[in-house]
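Please read the structure below before turning to the comments.
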Amino acid sequence: MSIDEQVSSYYNMLLKRNAGEPEFHQAVAEVLASLKIVLEKDPHYADYGLIQRLCEPERQLIFRVPWIDDNGVVQVNRGFRVQFNSALGPYKGGLRFHPSVNLGIIKFLGFEQIFKNSLTGLPIGGGKGGSDFDPKGKSELEVMRFCQSFMTELHNHIGEYKDVPAGDIGVGGREVGFLFGQYRRLAGQHESGVLTGKGLAWGGSLVRTEATGYGCVYLTQEMMRAHGADMSGAKVIVSGSGNVAIYAAQKAQELGATVIGVSDSSGWVHTPNGVDVELLRDIKENRRERINCYAEEADGATFHADGTIWSLEADVALPCATQNELNGDHARTLADNGVRFVAEGANMPSTPEAIEVFREKGIHFAPGKAANAGGVATSALEMQQNASRDSWSFEYTDQRLHKIMSKIFRTMSRTAEEYGREGDYVTGANIAGFKKTADAMLAQGVI
Ligand code: NDP
0 MSIDEQVSSY YNMLLKRNAG EPEFHQAVAE VLASLKIVLE KDPHYADYGL IQRLCEPERQ
60 LIFRVPWIDD NGVVQVNRGF RVQFNSALGP YKGGLRFHPS VNLGIIKFLG FEQIFKNSLT
120 GLPIGGGKGG SDFDPKGKSE LEVMRFCQSF MTELHNHIGE YKDVPAGDIG VGGREVGFLF
180 GQYRRLAGQH ESGVLTGKGL AWGGSLVRTE ATGYGCVYLT QEMMRAHGAD MSGAKVIVSG
240 SGNVAIYAAQ KAQELGATVI GVSDSSGWVH TPNGVDVELL RDIKENRRER INCYAEEADG
300 ATFHADGTIW SLEADVALPC ATQNELNGDH ARTLADNGVR FVAEGANMPS TPEAIEVFRE
360 KGIHFAPGKA ANAGGVATSA LEMQQNASRD SWSFEYTDQR LHKIMSKIFR TMSRTAEEYG
420 REGDYVTGAN IAGFKKTADA MLAQGVI
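Residue 0 is where the sequence shown starts when you use numbering that gives the first Met the number 0, and the numbers rise one by one after that.
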């Protein structure tokens, strides 16, 4: 069988065994496309069912999460934790609370996490979890009761050396606090290494809140410099206005860029004079309001419920909201409007067609598994601090993050070159992330 036929047969089998999970299919298809050139050069990576094992989670948990709302009515949500691969270390990956969550979404995120975590160079495996619970519009006490019920089931399956969850969409500091409190109560001990993204007074790390957004901009800056450009003076579009978007916008502006647009699921705001990050944070993190409030309160900003943020003229685009938010038409518009660099703060925000357009139009593109790895990398630094009962300064932790992001850029860049695909960061990131995990899996036998 040729390598092409071999890879197609793995993929067809995966489609059959994981029907109705399009996001998972999409994530696997992209990685398998990159792996063809690895298998041509080093066929031993197909030995011992390695590729099939890599695409099959080690364990998938699905559980009932009953809780009582403020009216005394019982609500039932579904909880997930997919422990995908622990060859490099304990499962590590966030929890997402959003009504769109289903098993396929958690599997796509868990699969991506394997390669992302491997790229950080730190000893962490890949996992992901969450629930179809929607924190929007819920009272503080409802969110707390939900988190307590969710953790009552999950606590049996996680631990410092086993599986270490963190935040993601809908799970920020508040939710991590409620989850940690319930874990501590059930475990009967203060095991700080069991979750990351904790509050600073009880085992959290400085920079973890900022890490994904900052890391995305550090990597983008490296990519821009490699192609003779710089963040300073650039016009940048940032989609979303959550944790990743806010700190990506802050760091980009600190480096001299102007962030000309931000968004949420209700629309987008044009901010030609830049974003007032403190105001945005207050509206989104404290007041938990919609993005139109930002336009009402900030000078020169306009809200648009229609159209797309990707229609703005810019140099750089940082999609930081959610999967498949940027399609082929958006990518063509970005190219026509002068965008030369795209880096994914979110997980898989660009559709396969959009990525194809970036290639055709010569747009330099950094995939999420590299560009947003700063969050999980800093989570691993939080784990290091917990293990040594230490807490590092903001400057030191930020320096470590910066170094990790620079190294990820060099690794994916060098790997792409090694395989004859200079500048193709998708291929470089997939292959580099794969090889480290695959070598560990081969060394550890068929398990
Ligand atoms: P938040 O919940 O803090 O923010 C998410 C933002 O995206 C909000 O502005 C939200 O708008 C918007 N959004 C969510 N779903 C949709 C949708 N269907 N359509 C349009 N906008 C949407 O999440 P994060 O910032 O933590 O996560 C954003 C992305 O980054 C996700 O893909 C996540 O997996 C990824 N990521 C996050 C990391 C982290 O450390 N937090 C680490 C690595 C990746 P609204 O409020 O209207 O829903």
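Positions of the beta carbon are idealized from the N, C-alpha and C atoms, including for glycine.
I believe residue i touches residue j by the beta-carbon criterion, under 8 angstroms. Please report the beta-carbon distance rounded to the nearest angstrom.
| i | j | result |
| --- | --- | --- |
| valine 338 | threonine 301 | At roughly 20 angstroms, the Cβ-Cβ gap does not stay under 8 angstroms, so valine 338 and threonine 301 are not in contact. |
| threonine 219 | alanine 370 | 7 angstroms |
| asparagine 429 | leucine 185 | Their Cβ separation, rounded to whole angstroms, is 38 angstroms, which puts asparagine 429 and leucine 185 out of contact at 8 angstroms. |
| tyrosine 47 | valine 445 | 5 angstroms |
| alanine 345 | threonine 321 | 6 angstroms |
| alanine 26 | phenylalanine 107 | 4 angstroms |
| glutamine 112 | methionine 150 | Not really, about 20 angstroms apart at Cβ, beyond 8 angstroms. |
| valine 64 | glutamate 152 | 7 angstroms |
| alanine 251 | methionine 230 | 6 angstroms |
| aspartate 167 | leucine 94 | 6 angstroms |
| glycine 198 | glycine 176 | 6 angstroms |
| tryptophan 309 | isoleucine 236 | 7 angstroms |
Rank the options by C-alpha distance to the C-alpha of residue i and give the top, closest one.
| i | options | result |
| --- | --- | --- |
| valine 216 | Ala342, Ile105, Gly129 | Ala342 |
| asparagine 272 | Val163, Ala233, Val75 | Ala233 |
| glycine 260 | Lys360, Glu111, Gly239, Arg63 | Gly239 |
| threonine 195 | His189, Glu209, Phe179, Glu295 | Phe179 |
| leucine 205 | Leu14, Ala415, Tyr395, Arg358 | Tyr395 |
| glycine 71 | Glu141, Gly327, Val274, Ala345 | Glu141 |
| glutamate 381 | Thr151, Ala365, Leu400, Asn101 | Leu400 |
| aspartate 275 | Glu296, Tyr213, Asp263 | Glu296 |
| proline 318 | Ser264, Lys40, Leu254 | Ser264 |
| glycine 158 | Asn385, Arg16, Ala442, Thr410 | Asn385 |
| tyrosine 293 | Ile245, Leu311, Glu253, Leu254 | Ile245 |
| phenylalanine 408 | Gln181, Thr119, Glu139 | Thr119 |
| leucine 121 | Ser138, Val73, Leu94, Ser85 | Ser85 |
| valine 258 | Glu209, Arg289, Glu312, Asn285 | Glu312 |
| phenylalanine 364 | Cys146, Ala316, Gly255, Gln398 | Ala316 |
| proline 56 | Pro98, Phe23, Lys40, Glu4 | Phe23 |
| serine 191 | Arg224, Arg388, Arg413 | Arg388 |
| proline 42 | Arg224, Thr377, Met0 | Met0 |
| histidine 154 | Ile236, Asn336, Phe62, Ala247 | Phe62 |
| glutamate 139 | Phe110, Glu174, Ala165 | Glu174 |
| threonine 270 | His303, Thr377, Arg207 | His303 |
| glutamate 4 | Glu39, Asp335, Lys15 | Glu39 |
Leaving out the 5 sequence neighbours to the left and right, which residues in its chain are closer than 8 angstroms to residue i when beta-carbon positions are compared?
| i | result |
| --- | --- |
| aspartate 305 | Gly266 |
| alanine 437 | Tyr44, Leu49, Leu53 |
| threonine 307 | Trp267, His329, Thr332 |
| lysine 115 | Gly125, Gly367, Lys368, Ala369, Asn371, Ala372, Val375, Gly432 |
| serine 392 | Leu205 |
| proline 348 | Ser238, Pro318, Cys319, Ala320, Thr321, Gln322, Asn323, Glu324, Leu325, Gly367 |
For the beta strand (DSSP E) holding residue i, just list the boundary residues, first then last.
| i | result |
| --- | --- |
| leucine 77 | The sequence as given places arginine at residue 77; leucine does not occur at that position. Here the beta strand (DSSP E) through arginine 77 covers 73-84. |
| threonine 257 | 257-263 |
| histidine 303 | 301-303 |
| serine 238 | 234-238 |
| isoleucine 67 | 58-67 |
| serine 342 | The question names serine, yet the displayed sequence has alanine at residue 342. Where alanine 342 is concerned, the enclosing beta strand (DSSP E) stretches over 340-342. |
| alanine 316 | 315-318 |
| histidine 43 | First-last for histidine 43: undefined, no H or E at that position. |
| phenylalanine 96 | 90-96 |
| serine 130 | 124-130 |
| histidine 269 | 266-269 |
Which residue comes first and which comes last in the alpha helix (DSSP H) that contains residue i?
| i | result |
| --- | --- |
| phenylalanine 24 | The sequence shown places histidine at residue 24, not phenylalanine. That run of the alpha helix (DSSP H) goes 21-40. |
| serine 8 | 2-16 |
| phenylalanine 110 | 102-118 |
| phenylalanine 433 | 424-442 |
| lysine 368 | 367-370 |
| alanine 415 | 393-417 |
| glycine 373 | 373-386 |
| methionine 223 | 207-225 |
CB-CB under 6 angstroms to residue i, same chain, minus the five flanking residues each way: which ones, in chain order?
| i | result |
| --- | --- |
| asparagine 323 | Thr350 |
| valine 6 | Leu31, Lys35 |
| proline 134 | Phe96, Val142, Gly169 |
| glutamine 74 | Trp66, Asp68 |
| tyrosine 90 | Gln82, Gly124, Gly126, Asp162 |
| valine 356 | Gly327, Ala330, Arg331 |
Enumerate in chain order the residues of its own chain whose CB-to-CB distance from residue i is below 7 angstroms, with the five nearest sequence positions on each side excluded.
| i | result |
| --- | --- |
| isoleucine 105 | Phe79, Val81, Lys127, Gly128, Gly129 |
| alanine 415 | Glu421, Gly422, Asp423, Tyr424, Thr426, Gly427 |
| histidine 156 | Leu60, Arg80, Asp162 |
| arginine 183 | His189 |
| glycine 171 | Asn242 |
| glutamate 20 | Leu102, Gly103, Lys106 |
| histidine 117 | Just to set this straight, residue 117 is serine in the shown sequence, not histidine. Around serine 117: Leu87, Gly432, Lys435, Thr436. |
| serine 148 | Val64, Pro65, Trp66 |
| glycine 255 | Met230, Ser231, Gly232 |
| arginine 144 | Trp66, Ile67 |
Any Cβ of chain D within less than 8 angstroms of the Cβ of residue i?
| i | result |
| --- | --- |
| glycine 214 | Absent from the structure is chain D; it holds one protein chain and no more. |
Of all the beta strand (DSSP E) runs that stay within the bounds of the region 138-187, which reach a length of 3 or more residues? 162-165
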